[in-house]
Each structure stands twice: as C-alpha cells, then as structure tokens.
Amino acid sequence: MKFGYFDDAHREYVITRPDTPLPWINYLGCEAYFGLISNTAGGYSFYKDARLRRLTRYRYNNAPIDMGGRYLYLRDNSAGNYWSPTWMPTRTKLDEYECRHGQGYTTITSRLGGIRSSVRYFVPLGESLEIWQVRLTNENASDADLSLFSAIEFCLWDANDDATNFQRNYSIGQVEVVDDVIYHKTEYRERRDHFAYFACSEPLAGFDTKREEFLGPYRGWNEPVVVETGQSCNSLAHGWQPIGSHHVKVLLKAGEQKQIIFILGYQENPGDDKFDPPGSQIINKKSAKKSLEKYLRTANADQAFEDLREYWTMLLGKLKVSTPDQHTDRMVNIWNAYQCMVTFNMSRSASYFESGIGRGMGFRDSNQDLLGFVHMIPERARERILDLTATQLKNGGAFHQYQPLTKRGNNDVGSGFNDDPAWLVLAVAAYIKESGDWSILDEPMQYENEPGTETPLYEHLQRAIQYTLDRLGPNNLPLIGRADWNDCLNLNCFSDTPGQSFQTTTNKDGKVAESVFIAGLFVLACQEMAGIAGKKKEESGPSFVYPLSSDDYLRFAADMESTIWAAGWDGDWFRRAYDDYGHVLGSKENTEGQIFIEPQGICVMAGLGLENGNAVKALDSVGQHLATPHGIVLQQPAFSQYYLHLGEISSYPPGYKENAGIFCHTNPWIMIAEAMVGHGDRAFDYYTRINPSAREEISELHKCEPYVYAQMIAGKDAATHGEAKNSWLSGTSAWNYVAITQFILGIRPAFDGLEVKPVIPSGWDGFEATRLFRGVRYEISVKREGPGNEVNLEIDGKPIEGTVIPLPGNDTSTVKVRAVIR
Ligand code: BGC
Ligand code: NOJ
C-alpha cells in the first residue's frame with residue numbers, strides 16, 4: 001500500500017494523506033540553519049547544533065505522535081470553526097491534502113470548506129532563517145472572514161537542559177514584542193549573544209508569547225483557547241514557556257488569493273553591541289533587520305526559493321544517470337544524493353529517531369558520509385576532513401564524536417573505537433580522487449585541537465595506520481577496543497549493571513579481543529595509503545620527507561592479509577572476531593553468531609579471496625545464510641539471550657538492530673563485493689531489495705519514508721520482518737550511493753582520472769550517464785554486446801587501454817565516453 005507517489009519531474013515525493021504510518025519527514029537548510037519537518041508540519045529548528053543551539057521545542061516519543069512544529073490555524077470567523085491547514089495539530093478532516101517534500105523545502109497544501117491553503121517552508125541559501133510562505137485562496141462564491149494564527153514553542157537553546165532543568169527554566173524565559181515582531185531572548189541578559197525572531201508580513205490583530213494564555217488551562221495544541229475564541233491575548237512571557245503566535249485577519253473576496261509570509265530567524269550580535277540603547281536590557285535588533293525586511297516581501301521570498309531550486313539542480317547535475325530501472329534513476333539522480341547531503345550535514349544528530357541531544361558528529365560516521373557527498377561540494381568535504389583531523393589524538397586514535405558548534409572532541413564518549421582512525425584514510429583518499437587536490441596532505445593540522453601540535457595532514461594519516469599496528473592482539477589481528485564499526489559488539493565491556501552505557505563501559509583490559517573487520521578495513525586503508533604515498537613521492541621528488549613508502553603500506557596490507565587467512569578464515573566465510581577469552585566469533589564453532597556480514601563485505605572489498613576463490617565462497621555463504629527478500633541480515637543465528645561477553649549486540653531481541661536485523665549500512669558492502677567478483681545480477685538484486693523506492697508498494701509494512709534509506713529493517717527472526725526504523729541518518733545512504741554509482745554503474749574517481757568499469761545486470765542492454773569530474777563533463781554511454789563484464793572504452797572516438805580515462809587537457813570541457821561490455 002502506498003501513501004503517496006514520486007513526482008520525479010519535480011524531484012518531489014508527494015504524500016497524499018496525512019496519516020502516514022510514521023511521520024514522513026524532510027530537512028530544511030543546507031548550511032548552518034537547519035530544521036526537521038514532517039508531512040504535517042511537525043519538527044523543530046536549530047542553528048548548527050541540535051543540542052546546543054535549538055530554536056524551537058519538540059517532544060520526542062509523544063502521543064499523539066509528532067506533536068510540536070511550525071503550526072498554523074485557520075479560523076472561519078463567521079462560522080466560528082477552526083482547523084489546521086497542515087492537518088496537525090487539530091487533525092480536522094480536510095477535503096484535500098497534499099504534502100510535497102523536495103530538496104530543502106516542503107509544501108503542504110490543503111482545502112477545507114472552499115478555503116485552499118498552501119504553505120511552503122524553506123531556508124534561503126546563506127541565511128540563518130526559515131520562511132513559511134502561506135497562500136490562501138477563497139474558492140467559494142461568497143466572501144470569507146478568516147483569522148490565521150501561527151504557533152511555535154521556543155526552546156531555551158540547550159535542548160538537553162530545556163527538557164530537564166525545570167527548576168531554573170520556568171523562571172528564565174524572556175521575550176520582546178516590538179513592531180509586531182516576536183523576539184525570543186532567554187539568557188540574552190547574561191552570557192548569550194544570540195536571539196530568535198518570529199515575524200509576519202501582515203499587520204497583526206494580536207499576538208501571544210505565553211503558552212498558557214494561548215492554549216488555555218489544561219488544553220493542548222489541538223484546541224487553543226485563543227483560536228477557539230478568535231481573540232489573541234497580547235501576552236508577554238515572563239518565565240514558564242515562551243511561545244510565538246501571530247494573529248492575522250484575512251478578508252478574502254470570492255476567488256481572491258492572498259500571500260502571507262512568516263519568518264523565524266536566528267541572529268548573533270557582537271558581545272559589546274548586544275543592547276540598544278547601550279546599557280539597556282533591550283536587544284539590539286539592527287542586525288536582524290535587513291534579512292527580516294528582505295524576506296517578508298513575496299518577490300524576494302520567491303527569488304530565494306528559485307535560488308534554492310537552482311542550487312539543487314546544480315548539485316544533482318554532478319551525476320545523472322538513465323538506466324533501465326526507474327528506482328535506480330530516482331535514487332541516484334535525486335533522493336539518495338539528497339540524503340547524502342543530509343547525512344553529511346547532520347551525521348547522526350537530529351532526526352525523528354535521533355533526538356539531537358545524544359550524539360554530535362561521529363568520527364567514523366562523518367568520514368563515511370563524506371564518501372557519498374564529496375562529488376557534490378568537494379570544498380565542504382575538505383573542510384569536514386580538516387575538522388575531523390583536528391580532533392584526532394596524538395596516538396593516531398580518534399575522539400568518537402565531536403560537537404558541531406564547538407568542533408571539539410566529545411569527552412563523555414571519549415575514544416577507543418579501534419576502527420575509527422582507518423576511516424579517515426578512506427575519506428581523504430576519496431576526497432583526493434574526486435578533487436585532485438593533493439595539497440590537503442600538506443595542511444598543518446592540530447591534534448586534539450591543541451595549538452602547537454600541528455603536523456601535515458599526511459602525518460595524521462600515517463598515525464592512523466600506525467594506531468592499528470600498535471594494537472595487535474594474540475593472533476596478530478587488530479584489537480577491537482570498545483567496538484569496531486559494529487558499536488554493539490562490546491567485547492571488553494562485560495556489563496551487568498542496567499543503564500550502563502555499552503559504548504563507554506570497559507571492564508576488561510582490551511588486550512585479547514580482536515576484530516577481523518578492522519583487519520579487513522586496515523588492508524583497504526593501507527591500499528589507499530599506498531596510492532597516496534606513491535603519488536606523494538612522485539610529486540615531491542627527492543625532497544620527500546615522509547619515511548614510509550608505498551611499498552611499506554603494501555607490505556602492511558600483505559602481512560595483515562596473511563593474518564586474516566591464518567586466523568580470520570573459517571573455511572566458507574570470514575570470521576568476525578575473537579572475544580576476551582580468545583574464543584572465535586562468527587565461526588561454525590559458534591552456535592549463535594556463526595556468520596556475520598561485515599567481514600565478508602570489507603575483506604572482499606579489500607581484495608581478499610579474489611584470486612583463490614574464497615571471495616565467491618564467502619559471498620555465497622552470505623546468500624545462503626544471511627539474505628532475505630527484505631535485505632541481508634547482520635548475522636545468524638541471532639543471539640537468543642544476553643551474553644555478558646558480547647555486550648549490546650545481544651541486548652536486542654532477535655531480528656532487531658545489530659542482533660540480526662537488516663542493518664542496511666552493511667548491505668552495500670556486499671553489493672560492492674559482488675560487483676568486484678563480477679556478479680552484476682546479484683549485486684543489483686541486493687541493491688533493489690533495500691532500495692526504498694522499490695519498497696514503496698509495501699509502505700504499510702516498511703513504515704518509513706519511501707524516498708530515503710533507513711538504518712534498519714527488521715530481520716527474519718523479528719516479529720515484524722520487513723519493518724524499517726531509524727530513517728534518514730545512516731551510513732546506508734553514502735554506501736548505497738557508492739555501491740550503485742561506483743561499482744554497479746562503475747563510474748568511480750581514481751587518483752589519475754575517472755574510471756568507468758560497470759558490472760551491470762545481465763538483462764540490461766546498457767545505460768547513459770553524465771558526470772562532472774574535476775571541472776570536465778563526461779558523457780558516458782554504456783552498451784552491452786555480450787554477457788560478461790569485460791569493458792572496452794573509447795574516449796572521444798579513440799580506444800584506450802584499461803578502464804581509467806586519463807585526465808584531459810586544460811581546455812577540454814566535455815569528454816565523450818563509449819563503453820562496450822562483452
Ligand atoms: C545502536 C548503534 C549505535 C550506538 C551508538 C546503539 O544503541 O544500536 O547502532 O551505533 O548505539 O550510539
Ligand atoms: C550506528 C552508528 O552511528 C555507527 O557508527 C555504527 O557503525 C553503526 N550504528 C553500527 O553499530
């Protein structure tokens with residue numbers, strides 16, 4: 001069953017009924033000011049950091065679900081009835097309803113009793129504000145006497161404190177209302193130099209900033225007394241819960257239309273120019289004035305919207321494909337690319353499953369997110385790499401997270417996730433391959449954000465590799481530390497105390513438990529380092545200062561490979577780990593957790609078993625033991641009970657999350673591996689199983705948005721097999737983008753040029769693509785002339801050797817690529 005449809009021509013998903021199985025959300029903002037918005041206008045806004053600088057309140061896990069947002073109420077003053085044109089919060093039955101989610105904007109249209117309303121929400125590029133553009137049309141034959149009320153609830157900035165510290169919070173709320181603009185200034189009198197403003201393009205019939213006056217005692221957002229009576233109170237909040245509500249009277253003749261704009265903005269002032277007049281306690285509002293006046297004008301708001309559309313046309317234009325499969329096309333051309341930008345911006349901080357309080361930017365997460373984003377804006381990827389690198393520890397390790405507002409490592413979570421540093425190598429390699437910008441390696445970068453500790457970024461990468469070499473266990477495999485990619489495999493934790501964090505509790509000395517996954521990842525990282533080191537040497541000639549060569553890294557990789565074959569191969573698949581007792585995990589010797597997906601993916605991606613047939617063997621085992629129609633589960637058999645020595649993985653009921661759920665992030669590793677062994681049909685089949693667009697028809701089961709990937713789909717051991725959770729913020733997005741574009745369609749950046757090496761399904765006769773790469777437009781046409789995977793390339797009519805297209809001369813703007821597959 002579907003709850004909407006894809007409108008690919010407009011790059012929108014159109015939701016046709018408000019009561020979707022879960023709120024289906026979208027994101028506003030692409031740079032610094034962000035918002036989450038659901039299909040019924042729920043959600044909240046923040047500046048840079050969802051925890052530390054939150055503008056509006058939202059209560060997670062509420063009933064009814066998704067309460068709190070950017071709300072509007074329409075009141076028919078003649079009849080006295082009222083409703084929400086975005087359905088929530090009054091949930092009045094509407095005659096028509098439609099929500100269109102696009103890239104960075106959402107438009108919700110509805111009609112009731114002949115009054116049509118359309119609300120477009122977006123954040124203009126380069127601004128710290130959001131616009132709500134409301135268009136009201138009277139489709140009746142008689143005049144309409146309407147009142148329009150807006151409503152938001154201000155968050156007192158620190159979302160965690162806001163939700164917990166009531167003894168203080170109930171006394172600190174402050175607002176100003178000047179010239180019909182509502183200003184939120186809690187804590188501005190002391191250490192904050194920022195405020196929020198909420199403005200409307202029309203003269204007001206009234207306003208409210210006290211929640212209890214607006215709603216009335218013991219009432220909810222579905223029945224505010226102010227809306228019911230049609231009378232605002234002009235209330236000024238002192239403490240308690242400051243809100244913002246405007247009241248606009250709208251008289252519409254038959255057939256008449258009117259536009260009303262609301263703006264919610266965030267503004268900072270210099271610390272010594274906060275007040276106007278100086279010495280007073282009144283906000284200096286001059287800084288906000290320009291944007292305010294600009295965007296309350298329809299023409300400017302329209303222009304800003306067009307600019308946003310253009311921006312996304314440009315970004316999505318970096319890679320466009322036309323294949324025989326519409327699910328592939330719309331995900332690659334629109335939604336998957338868009339989700340990659342969102343994961344890049346948010347990491348795992350704020351979604352409808354991530355509260356915005358729990359986590360900042362993850363080190364491994366951000367490095368992986370970058371893989372799917374780097375082609376869109378390489379400059380921003382560069383900046384992110386520098387931010388991440390500056391939090392790296394001197395021993396090569398990493399803070400597991402950092403806060404986006406401060407860019408400092410998060411001490412609460414700390415470090416010791418032993419896979420973390422290796423991902424930085426992969427991210428830097430991807431950035432250089434995309435951009436050709438080798439200069440990033442010379443950037444002087446601090447460790448732990450400590451001035452005076454700078455070394456070239458290249459040395460950070462070397463230390464990242466060294467980190468693993470310094471931490472090998474009894475089998476010479478890398479020690480796992482707190483966890484590797486699988487945060488829930490906590491082999492040094494041994495926690496028997498409820499509530500203890502599996503992430504940070506470590507009861508063992510960590511000198512025994514090892515990870516085959518990190519071993520595979522290390523091989524991959526060493527191969528990338530070899531590529532980087534080789535080129536670095538070529539470029540710098542005899543003055544090359546770094547002591548390790550390409551060959552050294554290849555040697556590290558080869559040694560680790562031998563170790564994997566000795567201790568990490570189980571006969572039919574790669575093993576997963578050794579626990580603190582030195583017992584193997586992910587082996588036929590185990591009764592539960594015999595086979596895990598992660599090492600099969602990563603080891604084959606690192607090239608293991610491509611020559612001796614073991615890669616195919618491992619992948620066949622995945623097909624046999626782990627694949628389901630809804631995707632590939634993380635391991636089998638699921639853990640039937642809690643195992644002290646395994647940690648969080650066994651805390652989940654079977655089939656959910658890391659305990660044998662379809663943890664989608666790992667699926668593309670298998671797609672890539674299948675493509676690497678030449679199995680185009682299998683790779684594409686796995687791709688399709690979790691492609692959200694291909695799952696649209698089963699939305700009642702899948703439950704999450706059909707336009708973005710979710711972190712998890714319940715596995716075969718679960719009661720709700722096929723049900724997705726934790727949509728939007730997952731490494732699934734970047735890796736699926738990499739799997740389909742770089743390995744199945746085979747268009748992948750290399751250090752020396754663009755590589756074209758498709759491994760497509762046997763039933764495809766080819767596909768077309770355009771790719772912007774280092775300023776050149778590649779027009780790629782792929783034709784299948786035989787059943788295999790052998791690729792021959794013709795560049796501008798001339799055949800070339802191999803599959804990497806050499807970089808063209810400086811004056812070339814377009815390269816025509818013809819690939820024949822036989
Ligand atoms: C989740 C993991 C996540 C970890 C870190 C766990 O509860 O299952 O997927 O990586 O928390 O916050
Ligand atoms: C989600 C986390 O954000 C990510 O870092 C981790 O790799 C996966 N869960 C698997 O546990």
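The numbering of the sequence shown is my numbering, which starts it at 1 and goes up by one.
From the three backbone atoms N, C-alpha and C, an ideal C-beta is built for every residue, glycine too.
Distance cut-off 8 angstroms: residue i Cβ against heavy atoms of the ligand NOJ
i    : result
C488 : yes
W83  : no
Q636 : no
W485 : yes
D579 : no
D365 : yes
S730 : yes
G416 : no
G593 : no
Burial state of residue i, where buried means 16 or more other Cβ atoms lie within 10 Å
i    : result
L644 : exposed
P706 : buried
Y218 : exposed
D272 : exposed
E130 : buried
T389 : buried
Y33  : buried
W179 : Note on residue identity: the sequence assigns Asp, not Trp, to residue 179. So D179 ends up on the exposed side.
K657 : buried
D811 : exposed
P787 : exposed
A184 : The sequence shown places His at residue 184, not Ala. With 16 or more other Cβ atoms within 10 Å, it is buried.
Any non-hydrogen atom of the ligand BGC closer than 8 angstroms to residue i Cβ
i    : result
E658 : yes
F517 : no
R91  : no
G358 : yes
R774 : no
Y709 : no
W503 : Checking the sequence, you will find Gln at residue 503 rather than Trp. Q503 Cβ: within cutoff of the ligand BGC.
E696 : no
R348 : yes
E648 : yes
Y60  : no
Y652 : yes
Other residues of its chain near residue i: CB distance less than 6 angstroms, five sequence neighbours each side excluded
i    : result
Q259 : R135 and T298
H327 : N691, S693 and A694
E434 : V374, H375, P378 and P749
R784 : D765, G766 and I821
S355 : Y60
N789 : G678 and V759
Close beta carbons around residue i, own chain, < 7 angstroms, minus the five adjacent residues each side
i    : result
I800 : L793
T720 : A714
Y467 : N395, G396, G397 and P421
N333 : L316, K320 and V321
Contacting residues, own chain, Cβ-Cβ under 8 angstroms from residue i (five flanking each side not counted)
i    : result
Q527 : Y553, L554, A557, A606 and G607
D7   : Y13, V14 and R100
Y431 : L370, V374, P378, A381, R382, I385, D437 and I440
Run of the alpha helix (DSSP H) containing residue i, from where it starts to where it stops
i    : result
Q167 : F166 to I172
I385 : P378 to A390
F373 : F363 to F373
A337 : N336 to M346
F824 : In this structure the chain extends from 1 to 822, so residue 824 is not present and cannot be described.
N26  : Taken as a continuous stretch (DSSP letters only), N26 belongs to no alpha helix (DSSP H), being part of the beta strand (DSSP E) at I25 to L28.
Boundaries (first-last residue) of the beta strand (DSSP E) holding residue i
i    : result
Y778 : V776 to R784
H327 : Not the beta strand (DSSP E): H327 falls in the alpha helix (DSSP H), residues Q326 to R330.
G244 : P242 to L252
F195 : H194 to C200
Any 3 or more C-beta pairs closer than 8 angstroms across the region 732-744 and the region 51-70: With the cut-off at 8 angstroms, the region 732-744 and the region 51-70 do not touch.
Touching by the beta-carbon criterion (3+ pairs, under 8 angstroms), the region 61-68 and the region 403-421: no
Three or more C-beta pairs below 8 angstroms linking the region 208-216 and the region 229-247: yes
Stretch pair the region 106-124 + the region 85-94: three plus CB contacts closer than 8 angstroms: Contact annotation: the region 106-124 touches the region 85-94, with at least three C-beta pairs closer than 8 angstroms.
Inter-stretch contact at 8 angstroms, needing at least 3 Cβ pairs: the region 608-624 / the region 450-459: no
Touch test, the region 291-311 against the region 669-685, Cβ-Cβ under 8 angstroms, three pairs minimum: At 8 angstroms Cβ cutoff, the stretches do not touch.
Stretch pair the region 251-266 + the region 282-293: three plus CB contacts closer than 8 angstroms: yes
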